[in-house]
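Report on the structure given below.
There are 2 protein chains.
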Amino acid sequence: MPGPPWWQERFRDWGYRLTIPRQAILSLLSKTNKHLSAIDIYLAVHRVYPGIGLTTVYRTLDLLVKGGLVLKFDFGDGKSRYELCKGPDIKPHHHLVCTNCGRIIDCREFIDKEKEVFENVQSSLSTKYNFDIKGHQIHFYGLCEKCN
Amino acid sequence: MPGPPWWQERFRDWGYRLTIPRQAILSLLSKTNKHLSAIDIYLAVHRVYPGIGLTTVYRTLDLLVKGGLVLKFDFGDGKSRYELCKGPDIKPHHHLVCTNCGRIIDCREFIDKEKEVFENVQSSLSTKYNFDIKGHQIHFYGLCEKCN
DNA sequence: GTAAATGCAAAGGTTTTGCACGTTA
DNA sequence: TAACGTGCAAAACCTTTGCATTTAC
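Chains as they are written, first to last, in the working numbering: chain A, 1 to 148; chain Z, 1001 to 1148.
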C-alpha cells in the first residue's frame, strides 16, 4: 500500500510544481535500473503520456540534476544518461563501460572500501584547491564478455 | 638538443603514416597541460598549419585514442576533451570539475593511495563480470573557488 | 605507384532556445 | 489569476560520412 511518492514533499518544499510530465519521468526513473538517455526517457514516458515533448524531458532532467535527485553521466557515446540517486532502494554504485559495444554494468562491491579512502581524499582536495566537492564518479573502461 | 619526437617510431611500427596534421596535433598536445576540445585543437593547429580541417582533427584524435596515446574525457559540457597520456613528462592524474563554470583542475595527490586500492578492485571486477578492464577515470565534481 | 590520409561540404544526432498556449498552486 | 511549466518548431552545436584530391611510403 504505497503512500504518495516521496518526491511529492520534496517538490513542494522546493517551490517547484509537481506536474504530470515530472511525475511520469520520476516514476519511470524510480522503476528502472537502466542507464537511460533523454530519448529513451521520452519514448518510455510517451507510451503512458503521449502529450509529452522531448524539450520537457530535457528541462525536467536538468531540474532534477540541479536538485540532486538525478545523476547525469557521459560514457563517451555522445549522449548523456540519467539515473535517480535519491529515494529508497537507491544504492550508490559505479560503472563498467564496454568501449566496443557500449554496454554498461553497475558495480557496487567497491563502495565499502571506497568510502574510507574517498572521505579523506575529498576533504584534502577541498582544502588544497578551495574546491567545494559535492561528489565523484568512477568509470571503469574495458571490453565486456561478448566483445573480448 | 631534442631528437626526433618519440612518437615517430611508434607510428612507423604501428603502420600508420606520420603526416603533417598528425605531427602538428601531437606536438600541440605534448606542449599543453590544458583540457582541449576538438575545436580548441583545430584552432591552435590552424595557426601554425592553416591547411588543416576539423575532420582531420577528429580522425586523428580517434586514432590516437584507439592507439592509447590519448585519453578522451567527457566532463558534462557536451564536448569531448583530449589529453596526451604517453611520453616523457606524463603523469597520471584525475580531475576536479566545477559544475558551475566548467573549470577543470588536475589532481595528482591521490594517485599513490589509489594504485594499491585499484589494482585489487580491477582484477576482482574483471573476474566477476568477465570484463577486460583497461583503465578507469575518476572525476570529482563541485564548485571551484570563484563559484563557491 | 598505390594505398592511406586529407579537406570540403553535407548529413546526422543531441541539446537548447523562443514563443504562444496550458496548467498548477 | 498570475507565475510557472509545456510543446512545437527552429536553431545551435558537436561529430560523422561521402567523395574527389593529395600525400606518404
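Beta carbons: idealized from backbone N, C-alpha and C, even for Gly. Computed from a predicted model, the values in this text were never measured in an experiment.
Chain A contacts made by the stretch 1127–1143 of chain Z, where a contact means CB separation under 8 Å | K1128, Y1129, N1130, F1131, D1132, I1133, K1134, G1135, H1136, Q1137, I1138, H1139, F1140, Y1141, G1142 and L1143
Should Z/S1123 be labelled buried (16 or more other beta-carbon atoms within 10 Å of its own) or exposed?
-> Counting from one through the second sequence, the residue named residue 1123 of chain Z turns up at place 123. Z/S1123 should be labelled exposed.
Contact list for the stretch 86–113 of chain A against chain Z, Cβ threshold 8 Å = L96, C98, T99, I105, C107, E109, F110 and K113
Under the DSSP definition of a beta bridge, which residues are partnered with Z/K1072?
-> Taking the first residue of the second sequence as 1, we reach residue 1072 of chain Z at position 72. Paired residues: Z/Y1082.
What does DSSP give as the partner residues of Z/H1139 in its beta bridges?
-> Looking up residue 1139 of chain Z in the second sequence gives position 139. In DSSP, Z/H1139 forms a bridge with A/Q137 and Z/H1095.
Give me the Cα-Cα distance between A/K86 and A/K66, rounded to the nearest whole angstrom.
-> Counting from 1 along the first sequence, the entry for residue 86 of chain A is found at position 86. Counting from 1 along the first sequence, the entry for residue 66 of chain A is found at position 66. Those two C-alpha atoms are separated by around 13 Å.
Could one say the Cβ of Z/N988 lies closer than 8 Å to chain A's Cβ atoms, at least one of them?
-> In the structure as shown, chain Z begins at 1001 and stops at 1148. Residue 988 of chain Z is therefore absent and cannot be evaluated.
Identify which residue in A/T55, A/E83 and A/H94 has its Cα closest to the Cα of A/L64.
-> Reading the first sequence from its first residue, position 64 is the one you call residue 64 of chain A. It is A/E83.
Output the boundary residues of the alpha helix (DSSP H) element that contains Z/D1040.
-> What you label residue 1040 of chain Z is simply residue 40 of the second sequence in a count that begins at 1. Start and end: A1038 to V1048.
Beta strand (DSSP E) segment containing Z/D1106, residue limits = Mapped onto the second sequence, residue 1106 of chain Z falls at position 106. Looking at the DSSP string, the run of the beta strand (DSSP E) that includes Z/D1106 is I1104 to C1107.
Which value, in whole angstroms, describes the spacing of the CA atoms of A/L125 and Z/N1148?
-> Taking the first sequence and counting its residues from 1, one reaches residue 125 of chain A at position 125. Taking the second sequence and counting its residues from 1, one reaches residue 1148 of chain Z at position 148. Approximately 15 Å between the Cα atoms of the pair.
Show which residues of chain A have a CB atom less than 8 Å away from the CB atom of Z/E1145.
-> On the second sequence, position 145 is the one that residue 1145 of chain Z refers to. In chain order: Y129, N130 and F131.
So, is A/V121 buried or exposed, given that buried needs 16 or more other C-beta atoms within 10 angstroms?
-> Sequence index remark: in the first sequence, residue 121 of chain A carries index 121 (1-based). So A/V121 counts as buried.
Where the alpha helix (DSSP H) through A/Y129 begins and ends | As a first step, residue 129 of chain A is located in the first sequence; it is residue number 129 there, counting from the start. In the DSSP assignment, A/Y129 falls within the unbroken alpha helix (DSSP H) covering I111 to Y129.
Reducing DSSP to helix, strand and coil, say where A/D132 ends up.
-> The residue you call residue 132 of chain A lines up with position 132 of the first sequence. Strand, per DSSP.
Which residues mark the beginning and the end of the alpha helix (DSSP H) in which Z/R1059 is found?
-> Locating residue 1059 of chain Z in the second sequence gives position 59, where the first residue counts as 1. Its alpha helix (DSSP H) spans residues L1054 to K1066.
Candidates Z/E1145, Z/T1055 and Z/E1009, of which the one nearest Z/P1021 by Cα | Stepping through the second sequence from its first residue, residue 1021 of chain Z is reached at position 21. Considering only alpha carbons, the answer is Z/T1055.
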